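Down below is the structure, laid out as structure tokens.
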Ligand SMILES: Cc1ncc(C[n+]2csc(CCOP(=O)(O)OP(=O)(O)O)c2C)c(N)n1
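As structure tokens, then:
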């Protein structure tokens with residue numbers, strides 16, 4: 081494919097990656113609601129059914145248990161299914177399949193069965209989707225041994241990580257923030273590059289304060305870092321890319337560098353991924369710290385359709401900027 | 020007396036079904052003893068279901084068709100060639116258990132080489148897996164069929180309906196076999212579903228639904244073979260309801276106090292093993308002495324397996340986290356006793 085000069089959006093890169101993986105490996109299949117003729121509600125699977133046929137791109141009934149479960153059974157028979165859920169909020173009916181089945185299969189069969197399924201879903205709020213089209217669900221899966229949880233922040237990462245997830249021999253929960261689908265374009269050159277799961281990336285280097293985040297948090301942190309830079313505070317942004325297992329070495333490196341840490345995510349604050357990373361820092365990196373670890377997450381509430389209440393609950397650039405300033409002043 | 024003309028099942032196969040049933044019963048008996056002795060932690064067996072399990076499993080192409088049993092399906096496992104020794108290793112939670120390394124409760128089979136899916140305790144979670152296996156056959160263009168066994172209580176789960184609906188919409192090669200023993204732990208069928216028969220549900224998924232006496236080997240074999248052939252021929256899924264008794268309590272942890280003496284006696288009276296034995300004796304395929312010898316040999320075989328399994332080590336504690344992800348060294352499986360060389364369950368000679 082020739083790269084458009086203006087670059088591609090996350091949706092385009094996800095689409096192109098799926099298409100390339102299906103062309104490369106006949107065992108890759110896609111199943112989900114409206115993935116066929118419509119090409120998915122966000123168009124990630126656009127045109128794939130026309131190209132690969134109605135069997136490899138299977139329009140399913142509205143049956144999340146069956147989508148996840150059939151993907152698991154097909155994976156046990158040697159396929160590499162990519163199961164699409166229309167919204168992360170609607171993965172909950174399939175929780176038993178993902179948590180009790182996919183996550184345990186290899187362990188409970190002492191290594192005999194593999195479940196190389198990618199469970200893909202659009203996640204995240206800030207789009208006035210209401211309580212059922214806005215959830216951040218990564219912590220629910222990050223708690224489960226046997227699952228990997230990936231949340232890309234940029235088009236290029238989405239492609240490289242999806243490639244890794246499809247080729248991974250274990251189940252991967254792959255969460256795509258819907259507000260990032262078309263937020264910006266990126267010229268993605270390494271179209272065959274696999275970005276290893278579990279490896280973070282320094283999104284912006286800086287020596288004063290670290291913001292450790294992923295997904296939408298990267299974009300809030302970028303804006304906040306710009307504001308703070310104008311005030312002479314240099315922020316380092318670490319994009320985890322994988323929530324579970326998170327990159328402990330990358331966390332250790334940035335903590336050693338700045339000694340001041342803000343953990344940021346859009347998921348609810350209580351029991352969120354930041355709590356786990358904060359515990360890791362407290363246990364392993366305590367002596368590196370120059371300030372208390374701060375956390376920002378959503379304000380432990382469901383997300384409303386109403387814009388003003390939604391904004392009140394979600395993290396925003398102002399809160400992130402404030403936390404960086406507080407740390408810098410410590 | 021020889022088999023009636025037009026019998027759907029060869030004399031030889033009928034005898035093999037009985038032989039595997041006798042072995043299953045002997046193992047069943049031994050497992051209950053092991054829990055009473057405190058050596059096995061938990062036991063749950065299919066006494067009364069054996070003929071339904073074995074005669075239906077006998078219709079598969081072994082190792083080609085995939086099998087998706089539930090926890091009560093010891094007969095399915097032995098019919099396909101799982102050995103009692105492996106099941107005893109599992110019941111005793113020994114490291115060498117090739118099905119789960121002793122990680123799962125008794126009778127949670129798993130065997131990629133026999134294409135037996137990993138049993139989960141979560142009721143009905145495996146029905147969508149069978150549908151996925153059938154879908155994989157469609158993608159690859161091979162003619163394997165997925166066969167799935169479950170209880171009547173499992174028929175109430177959402178997973179069951181979603182699986183059957185998906186299979187029905189896409190006419191996938193899967194056979195759903197409900198072993199209806201009329202009760203789910205303590206809850207009777209009438210509180211499980213408002214229709215009279217599990218097979219009535221088939222209409223909603225545009226598949227044939229049949230309900231038959233699951234204690235009759237010839238009937239079970241005939242209806243299952245037809246459903247498997249139908250699936251293999253591209254005509255889509257079927258739902259079979261095999262009516263069976265549950266002769267034991269639900270499990271070793273259950274007091275069965277919710278059933279009356281009369282109900283328990285009725286279940287025991289419907290035992291399919293004496294029935295098949297009578298048929299075989301009547302047709303001159305089995306002598307009573309021969310039968311006694313077979314029962315005794317099965318008992319001795321199981322006890323010998325138990326002795327071997329008891330001598331096997333527990334897993335090393337540091338193994339506990341192994342196989343959470345790809346890349347760990349292989350488990351290695353179990354070294355089977357020499358008597359199992361060539362053992363192929365109901366498919367052997
Ligand atoms: C999802 C789920 N809910 C509840 C249970 C607890 N449970 C174990 S066996 C059982 C009864 C199942 O009855 P049925 O499907 O009729 O099979 P049977 O045991 O009678 O063969 C129940 C409720 C479970 N294992 N899984």
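Residue numbers (our numbering), protein chains in the order written: chain A, 81 to 410; chain B, 20 to 368.
Beta carbons: idealized from backbone N, C-alpha and C, even for Gly.
Fair warning: this is a prediction, and the values are worked out from it, not measured in the lab.
Taking the alpha-carbon of residue 80 (chain B) as reference, which of B:258, B:349, B:360 and B:133 has the nearest alpha-carbon? As a working note, residue 80 (chain B) is residue 61 in the second chain. Ranked by Cα distance from residue 80 (chain B), the options B:258, B:349, B:360 and B:133 are led by B:133.
Enclosing beta strand (DSSP E) for residue 255 (chain A) [first to last residue]: For the purposes of this step, residue 255 (chain A) is taken as the residue at position 175 of the first chain. For residue 255 (chain A), the uninterrupted beta strand (DSSP E) segment begins and ends at 252 to 257.
Check whether the Cβ atoms of residue 192 (chain B) and residue 155 (chain B) lie closer than 8 Å to each other. Taking the first residue of the second chain as position 1, residue 192 (chain B) is located at position 173. Taking the first residue of the second chain as position 1, residue 155 (chain B) is located at position 136. No, the Cβ-Cβ distance between residue 192 (chain B) and residue 155 (chain B) is not below 8 Å.
Kindly list the residues whose CB is nearer than 7 Å to the CB of residue 393 (chain A), restricted to its own chain and excluding five residues on each side of it in sequence; keep chain order. Residue mapping note: residue 393 (chain A) aligns to position 313 of the first chain, counting from 1. Taken in chain order, the residues that qualify are 378, 379, 381 and 383.
Please check if any C-beta of chain A sits within less than 8 Å of the C-beta of residue 326 (chain B). Along the second chain, read from residue 1 onward, the residue named residue 326 (chain B) stands at position 307. Closer than 8 Å: no.
With DSSP run on the structure shown, which of helix, strand or coil describes residue 180 (chain A)? What you label residue 180 (chain A) is simply residue 100 of the first chain in a count that begins at 1. Three-state DSSP puts residue 180 (chain A) in a helix.
Cα separation between residue 216 (chain B) and residue 261 (chain B)? The residue given as residue 216 (chain B) occupies position 197 in the second chain. The residue given as residue 261 (chain B) occupies position 242 in the second chain. Rounded to whole angstroms, residue 216 (chain B) to residue 261 (chain B) spans 10 Å at the Cα level.
Identify each residue in the segment 237 to 268 of chain A for which the Cβ-Cβ distance to at least one residue of chain E is less than 9 Å, and report them in chain order. The question asks about chain E, but that chain is absent: this structure's protein chains are A and B.
Compute every distance between the C-beta of residue 140 (chain B) and the non-hydrogen atoms of ligand 1, then say whether any falls below 7 Å. The sequence position of residue 140 (chain B) within the second chain is 121, counting from 1. True, at least one ligand heavy atom lies under 7 Å from that Cβ.
For residue 340 (chain B), count neighbouring C-beta atoms within 10 Å of its own C-beta (all shown protein chains included) and say buried if the count is 16 or more, exposed if not. Position 321 of the second chain holds residue 340 (chain B). That one is exposed.
For the segment 146 to 169 of chain A, enumerate the residues whose C-beta is nearer than 9 Å to any C-beta of chain B, in chain order. 146, 147, 148, 149, 150, 151, 152, 153, 154, 155, 156, 157, 158, 159 and 161
List, from N- to C-terminal side, the alpha helix (DSSP H) runs of 4 residues or more that fit wholly inside the segment 141 to 170 of chain A. Counting whole runs of 4 or more residues, the segment 141 to 170 of chain A contains the alpha helix (DSSP H) stretches 144 to 156.
Cutting at 8 Å between CB atoms, please list the residues of its own chain near residue 322 (chain B), excluding the five before and the five after it. For the purposes of this step, residue 322 (chain B) is taken as the residue at position 303 of the second chain. Answer for residue 322 (chain B): 49, listed in chain order.
Nearest-angstrom Cα separation, counted from residue 201 (chain B) out to residue 250 (chain B): Position 231 of the second chain, counted from the start, is the residue given in the question as residue 250 (chain B). Position 182 of the second chain, counted from the start, is the residue given in the question as residue 201 (chain B). Using only the alpha carbons, I get a separation of about 27 Å.
Count the C-beta pairs between the segment 311 to 323 of chain A and the segment 361 to 375 of chain A that are closer than 8 Å, then say yes if the count reaches three, no if not. no
When you compare each of B:271, B:243, B:90 and B:180 to residue 140 (chain B) by their alpha carbons, which one comes out closest? Within the second chain, numbered from 1, the residue matching residue 140 (chain B) stands at position 121. Closest by alpha carbon: B:90.
Taking residue 341 (chain A) as the reference, which of A:187, A:366 and A:349 has the closest Cα? As a position in the first chain, residue 341 (chain A) is number 261, starting the count at 1. Out of A:187, A:366 and A:349, A:366 has the C-alpha closest to the C-alpha of residue 341 (chain A).
Check whether the segment 267 to 277 of chain A and the segment 230 to 246 of chain A touch, using three or more Cβ-Cβ pairs below 8 Å as the test. yes
CA-to-CA distance, residue 42 (chain B) to residue 189 (chain A), given in whole angstroms: Taking the first chain and counting its residues from 1, one reaches residue 189 (chain A) at position 109. Taking the second chain and counting its residues from 1, one reaches residue 42 (chain B) at position 23. Near 25 Å, if we compare the C-alpha coordinates of residue 42 (chain B) and residue 189 (chain A).
Limits of the unbroken beta strand (DSSP E) element including residue 348 (chain A): For the purposes of this step, residue 348 (chain A) is taken as residue 268 along the first chain, with counting starting at 1. Unbroken beta strand (DSSP E) run through residue 348 (chain A): 341 to 348.
How many angstroms separate the CA atom of residue 333 (chain B) from the CA atom of residue 285 (chain A)? Taking the second chain and counting its residues from 1, one reaches residue 333 (chain B) at position 314. Taking the first chain and counting its residues from 1, one reaches residue 285 (chain A) at position 205. Each residue's alpha carbon lies about 51 Å from the other.
With which residues is residue 241 (chain B) paired in a DSSP beta bridge? Locating residue 241 (chain B) in the second chain gives position 222, counting from the first residue. When DSSP reads this structure, residue 241 (chain B) sits in no beta bridge, so it has no partner.
Hey, how far is the Cα of residue 96 (chain B) from the Cα of residue 128 (chain A)? By one-based count along the second chain, residue 96 (chain B) stands at place 77. By one-based count along the first chain, residue 128 (chain A) stands at place 48. Their backbone Cα atoms lie some 40 Å apart in a straight line.
Residue 112 (chain B) versus residue 198 (chain A): straight-line alpha-carbon distance, rounded: Against the second chain, residue 112 (chain B) aligns to sequence position 93. Against the first chain, residue 198 (chain A) aligns to sequence position 118. For residue 112 (chain B) and residue 198 (chain A), the distance between alpha carbons rounds to 32 Å.
Minimum length 3: unbroken beta strand (DSSP E) runs contained in the segment 214 to 286 of chain B: Fully enclosed beta strand (DSSP E) runs of 3 or longer: 228 to 232 and 257 to 262.
Return the chain-ordered list of same chain residues with a C-beta closer than 8 Å to the C-beta of residue 94 (chain B), the five sequence neighbours on each side being excluded. On the second chain, position 75 is the one that residue 94 (chain B) refers to. Non-local beta-carbon contacts of residue 94 (chain B) in its own chain, meaning distances under 8 Å to residues more than five positions away in sequence, involve 39, 40, 43, 65, 68, 69, 70, 71, 72, 73 and 76 in chain order.
Using a beta-carbon distance cut-off of less than 8 Å, what residues from the segment 125 to 140 of chain A approach chain B? 135, 136, 138 and 140
Buried or exposed for residue 118 (chain A), please, with buried defined as at least 16 other CB atoms from any protein chain shown within 10 angstroms of its CB. Here residue 118 (chain A) corresponds to residue number 38 of the first chain, with the count starting at 1. Exposed: under 16 other Cβ atoms inside 10 Å.
At a cut-off of 7 Å, is residue 275 (chain B) close to ligand 1 when judged by its beta-carbon and the heavy atoms of the ligand? As a first step, residue 275 (chain B) must be located in the second chain, where it is residue number 256. Flag unset: Cβ of residue 275 (chain B) not near ligand 1.
Closest Cα partner of residue 229 (chain B) within the set B:259, B:235 and B:244: By one-based count along the second chain, residue 229 (chain B) stands at place 210. The shortest CA-to-CA distance from residue 229 (chain B) to any of B:259, B:235 and B:244 is the one to B:259.
Runs of beta strand (DSSP E) wholly within the segment 113 to 167 of chain B (minimum 3 residues, chain order): none
Determine which residues of the segment 327 to 352 of chain B have a Cβ less than 7 Å from any Cβ of chain A, and write them out in chain order. When CB distances to chain A are screened at a threshold of 7 Å, the residues of the segment 327 to 352 of chain B falling below it are 342, 343, 344, 345, 347, 349 and 350, in chain order.
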